[in-house]
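The sequence shown finishes on residue 476 if you use UniProt numbering, and the numbering steps up by one all the way, no holes. The C-beta atom is built at its ideal place from N, Cα and C for all residues, glycine as well. If you're wondering where the values come from, they're calculated on a predicted model, not measured in any experiment. The block underneath contains the structure these notes are about, expressed in structure tokens.
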Amino acid sequence: VINDTRAAVRRFVQTGDALDSTRWGGMTVADRVRRFLWAARKHFGVELVDRSATHPRFVVRNTFSLCIAFFLGWVGIWNVLPAYSYYPANTIAVLVYTYTGSSLPVTVKRVAGVVLGKVTGTMFQLTFACQLWWKVALYGMSMFAVVGTTFFLYVHMDQDMAYVCCLTCAFAASSMIPGNLHFRKYGENNLDSVSVTLLNTILSTVVGVFISSAVDIMLGSSATNQARQRLLRAIRLVKVPLKRGPPACPVTLRADLDFLRGDLSALRDVLPYAAEEPTYWRQPFKYDLYRTLERSLSRVAAHLEALAWAMRILGHTESASTFSISSSDPRPELGNTVQTMQQGPALEEVAFRPLLRRIRREVVAMVTEVENLAQEVTEERQSSQEEASEVRRELQANIYTLQVIKAIASGASAAIGLLWRSAGEGRPASPGPADAGRPLPQPLLGTAQAGGVFEVGSVRTLRPASDDSLAESPSD
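Right, here's the structure in full:
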């Protein structure tokens with residue numbers, strides 16, 4: 001750690017971004033120590049203040065849980081938990097995780113790790129914690145095997161199971177140590193006292209889990225809700241630098257992008273918890289959609305930073321200041337075209353502002369559309385049956401194929417009805433006064449010569465050619 005910190009300080013001094021070598025040489029010992037600590041904190045990403053939006057809820061929720069656990073452990077529960085028990089609060093302290101609220105699968109895994117560690121350690125204590133040389137040797141070997149195995153699993157498994165293995169290792173090692181710090185004598189039986197201690201420990205663990213779960217239900221929020229809020233907030237944060245355009249102050253853009261990266265990092269951390277939450281009566285969590293949007297937003301943030309960096313350096317490079325522009329200057333009085341050379345900063349940021357403004361409008365529109373789609377897709381409440389039926393009716397009313405089919409069916413039914421009535425009355429099939437209000441079949445073929453095509457809203461309809469119909473407006 002010290003070597004990495006020294007290397008970070010050395011790189012910081014050599015770059016000369018905020019401190020040149022002469023100033024570094026004239027600093028006092030206190031300034032050197034303060035600069036060393038600052039560089040170490042920046043190098044390892046240690047933040048002194050947590051500005052997460054959910055941090056206050058995390059503090060209130062876990063503080064409330066610990067206070068209740070300490071109170072119940074102090075007064076005890078008759079015939080269940082003895083007084084002056086610290087284990088309920090200890091259980092809550094080791095089960096705390098993230099700021100997302102209660103996640104039942106993660107809680108069950110960690111409780112299983114605690115109980116498994118306590119039972120395993122107690123079993124080895126009852127078996128090998130004896131004043132006999134070969135049992136003492138087996139006791140040391142068993143402790144080494146338990147710690148080594150769980151640490152191997154901790155290194156080679158995912159984050160959640162690694163934490164469970166760490167809890168199992170810690171509680172197994174602590175339970176293997178006798179309460180009075182002395183091995184029992186050979187032939188002595190201490191099963192009753194150790195079993196009572198183990199039972200009290202398990203009961204205290206269960207009580208602590210109940211307290212934590214009850215407080216999480218009242219004050220916590222689900223991981224799926226946190227993921228949805230962070231995703232929508234990240235999409236809104238992407239639009240902030242886009243709407244501003246190329247910033248005049250790079251610090252402002254850097255602050256916006258740092259805040260966006262922090263929110264995306266929090267979203268990335270909460271996605272596994274949201275995917276493991278039980279759905280019950282809700283729809284399954286759309287993990288792939290959230291993951292894809294998070295990666296896309298991260299790439300957009302990187303592109304914004306690279307674009308702003310490129311635009312800032314264009315006006316300061318040596319090639320930009322000496323770049324020559326050739327332009328044609330036609331002079332009719334001379335009868336020829338004179339080529340003039342202009343020297344100037346042709347790659348200035350101002351030259352790219354119209355193009356960036358147009359691109360920015362398009363990107364903002366696309367991001368807004370993505371925000372609306374993400375908000376609709378990630379909603380737990382789905383549209384009602386009436387709304388779905390209304391959408392279906394609107395689609396059917398605006399599809400040209402269905403309009404044509406309806407026109408064919410209407411014309412065919414009118415023609416068949418007219419022929420049927422004419423055959424029954426024994427007269428030729430010609431429209432009479434009774435058929436004046438009935439629609440005649442429309443010719444669907446040869447409309448280029450006999451009919452016209454009109455736009456009605458977003459639907460193209462076919463009508464016969466006539467003076468009245470051709471005089472109608474497309475809006476009619």
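Residue i in three-state terms, based on DSSP
i, result
"Arg-184", "strand"
"Ile-77", "strand"
"Trp-281", "coil"
"Ile-202", "helix"
"Ala-301", "helix"
"Lys-286", "coil"
"Ser-212", "helix"
"Met-157", "coil"
"Gly-121", "helix"
"Tyr-273", "helix"
"Ile-68", "helix"
"Pro-88", "helix"
"Thr-292", "helix"
"Ile-235", "helix"
"Val-96", "coil"
"Ala-83", "coil"
"Gly-113", "helix"
"Pro-178", "coil"
"Asn-62", "helix"
"Ser-221", "coil"
"Thr-28", "coil"
"Asn-189", "coil"
Own chain, CB closer than 7 angstroms to residue i, minus 5 neighbours either side, in chain order
i, result
"Tyr-86", "Gly-73"
"Leu-201", "One detail in the question is off: residue 201 reads as Thr in this sequence, not Leu. The answer, listed in chain order, is Tyr-87 and Lys-118."
"Arg-299", "none"
"Gly-446", "Confidence is the limiting factor: at Gly-446 the pLDDT is only 38, short of 50, which leaves the residue's position unreliable, though a coordinate-based value still follows. Closer than 7 angstroms at the Cβ level, and outside the excluded window around Gly-446, lies no residue."
"Thr-224", "Ala-274, Glu-277 and Phe-285"
"Ser-142", "Phe-124 and Phe-128"
"Arg-268", "Glu-294"
Beta-bridge pairing of residue i - partner residues as DSSP gives them
i, result
"Cys-130", "Arg-184"
Under 9 angstroms between C-beta atoms of residue i and residue j
i, j, result
"Thr-120", "Ser-175", "yes"
"Phe-70", "Ala-83", "no"
"Pro-125", "Pro-56", "Sequence inspection shows Gln at residue 125; the Pro mentioned does not correspond to that position. Against a cut-off of 9 angstroms, the Cβ pair of Pro-56 and Gln-125 comes out as no contact."
"Tyr-154", "Tyr-97", "no"
"Leu-264", "Ala-234", "yes"
"Val-238", "Leu-304", "yes"
"Val-94", "Leu-219", "no"
"Thr-150", "Cys-169", "yes"
"Val-75", "Thr-91", "no"
"Lys-109", "Met-161", "yes"
"Leu-203", "Leu-81", "yes"
"Pro-272", "Gln-159", "yes"
Burial state of residue i (16 or more Cβ within 10 Å)
i, result
"Val-29", "exposed"
"Glu-294", "buried"
"Phe-171", "buried"
"Phe-144", "exposed"
"Gln-283", "exposed"
"residue 535", "As shown, the chain starts at 1 and ends at 476. That puts residue 535 outside it, with no answer to give."
"Arg-34", "exposed"
"residue 477", "As displayed, the chain neither begins before 1 nor continues past 476, which places residue 477 out of reach and without an answer."
"Pro-241", "buried"
"residue 478", "With the chain running from 1 to 476 in the structure shown, residue 478 is simply not present."
"Ala-365", "exposed"
"Leu-257", "buried"
"Leu-260", "buried"
"Thr-122", "buried"
"Ser-328", "Reliability of the predicted coordinates at Ser-328 is poor, the pLDDT of 43 falling under 50, and no value is obtained from them."
"Val-270", "buried"
"Leu-231", "buried"
"Ser-222", "buried"
"Tyr-290", "buried"
"Phe-210", "exposed"
"Ala-266", "buried"
"Arg-228", "buried"
"Leu-37", "exposed"
Same chain only: Cβ atoms within 6 angstroms of residue i, ignoring 5 sequence neighbours per side
i, result
"Val-114", "Leu-167, Phe-171 and Thr-205"
"Leu-138", "Phe-128"
"His-182", "none"
Any non-hydrogen atom of the ligand MN closer than 8 angstroms to residue i Cβ
i, result
"Ile-235", "Among the components modelled here there is no ligand, and therefore nothing to report on the ligand MN."
Close-in-space but distant-in-sequence residues of the same chain around residue i (CB under 8 angstroms, 5 per side omitted)
i, result
"Ile-77", "Val-207"
"Gln-131", "Phe-183, Arg-184, Lys-185 and Tyr-186"
"Ala-301", "Val-238, Leu-257, Leu-260, Arg-261 and Leu-264"
Any C-beta of chain D under 9 angstroms from that of residue i
i, result
"Trp-309", "Structure shown: chain D not included; a single protein chain is present."
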